[in-house]
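Visitor:
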Amino acid sequence: MKKSEMKRKMPITESAFFEIINFIGGRKAESGGLLFGSEDDWVIRKFVPDTNAQTTRASYTIDTDRMNPIVKKLWDEEELSLLGIIHSHPRGSKAPSSPDRYYFENLLGRIKRKNFYVPIVFTIPDGGFKFFPYVYQNNELELLSAQLEVVPDDYTQDKESTPKPEKDPQKETEKFPAPIINVEVFSIPTKLRFWDRVQNRFYSILPALMLAYIVCLFIYASLRLTPVIVDFIIKTLLP
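Counting from 1, one number per residue, gives the positions in the sequence shown under the UniProt record's numbering.
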């Protein structure tokens with residue numbers, strides 16, 4: 001089986017999953033937030049909604065000014081790492097778009113992650129809630145489909161069969177000399193390539209373009225039919 005065809009699990013606690021449903025699932029696309037958990041078990045244990053994101057019906061831009069300090073705070077206070085970014089798409093687009101993937105792959109050039117989750121959601125106002133899990137693994141820039149696994153909030157992996165080695169204080173100090181993620185060395189990229197910006201802009205104005213096209217067709221048809229209608233009325237009503 002090819003690597004891209006292998007299913008990887010995306011474990012998430014019940015509370016984090018239902019927070020996603022309540023926030024993202026209850027809004028029209030596009031909205032989103034960040035996913036946090038421990039790099040010991042890679043279980044998503046906290047969802048932080050991006051309440052001030054710049055959104056249109058076809059684009060989602062993270063509010064980095066608000067979210068980056070949260071990333072640092074959760075690491076400093078709870079040792080929770082950023083494990084992923086989640087956002088919603090309009091129905092019919094169930095995979096990360098080209099701009100999405102550029103965004104994520106740029107981010108993975110700045111931080112190292114064994115797993116980085118990038119699920120896509122369809123929302124209830126857009127026709128029903130659906131969840132599509134995706135993951136990047138080992139900092140390889142290959143997007144993999146994953147299998148959603150909702151676990152209890154108190155979930156812990158069964159490690160009884162494998163004795164846990166004693167901690168070496170010196171190694172622990174070497175591993176965590178400072179926050180892994182901080183504002184100075186980490187920021188969620190906000191700039192897209194020119195062509196990606198053009199694509200995002202096009203998709204954001206596409207509904208208006210379609211409406212304008214329909215109006216133009218209506219006006220054109222009216223102008224074409226008006227002489228015919230007038231001629232019919234004259235012939236019918238006048239002797």
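Each residue gets a CB set at the ideal place from its N, CA and C atoms; glycine is no exception.
1. Let me know the beta strand (DSSP E) ranges lying completely inside the segment 1-66, each 3 residues or longer, listed in chain order.
2. Just the C-alpha distance for A208 and L217, rounded to the nearest angstrom, thanks.
3. Which residues mark the beginning and the end of the alpha helix (DSSP H) in which Y155 is found?
4. If you drop the 5 nearest sequence neighbours on each side, which residues of the same chain put their C-beta closer than 6 Å to that of L141?
5. Distance check for D100 and A58, CA to CA, integer angstroms please.
6. List the DSSP bridge partners of A146.
7. Residues in its own chain within less than 7 Å of I124 by CB, not counting five upstream and five downstream?
8. Does the pairing of the segment 44-56 with the segment 92-99 give three or more beta-carbon distances under 8 Å?
9. Can you grab the Cα-Cα spacing for the pair T64 / I120, in whole Å?
10. With respect to the beta strand (DSSP E) encompassing S81, which residues constitute its N-terminal and C-terminal limits?
11. Output yes or no for whether 8 Å exceeds the beta carbon distance between Y117 and I44.
Guide: Answer, in terms of the structure:
1. Within the segment 1-66, the complete beta strand (DSSP E) runs of at least 3 residues are 8-13, 32-37, 44-49.
2. For A208 and L217, the gap between their C-alpha atoms comes out near 14 Å.
3. Per DSSP, Y155 lies in no alpha helix (DSSP H) and is assigned neither H nor E.
4. So the list reads E105, once near-sequence residues are dropped.
5. Spanning the two alpha carbons is a distance of roughly 12 Å.
6. Note: A146 sits in a beta bridge opposite R8.
7. Excluding residues within five positions, the ones whose Cβ falls inside 7 Å are G25, G26.
8. No, the segment 44-56 is not in contact with the segment 92-99.
9. Rounded to the nearest angstrom, the two C-alpha atoms are 20 Å apart.
10. From DSSP, the beta strand (DSSP E) with S81 extends over 81-88.
11. Closer than 8 Å, so yes.
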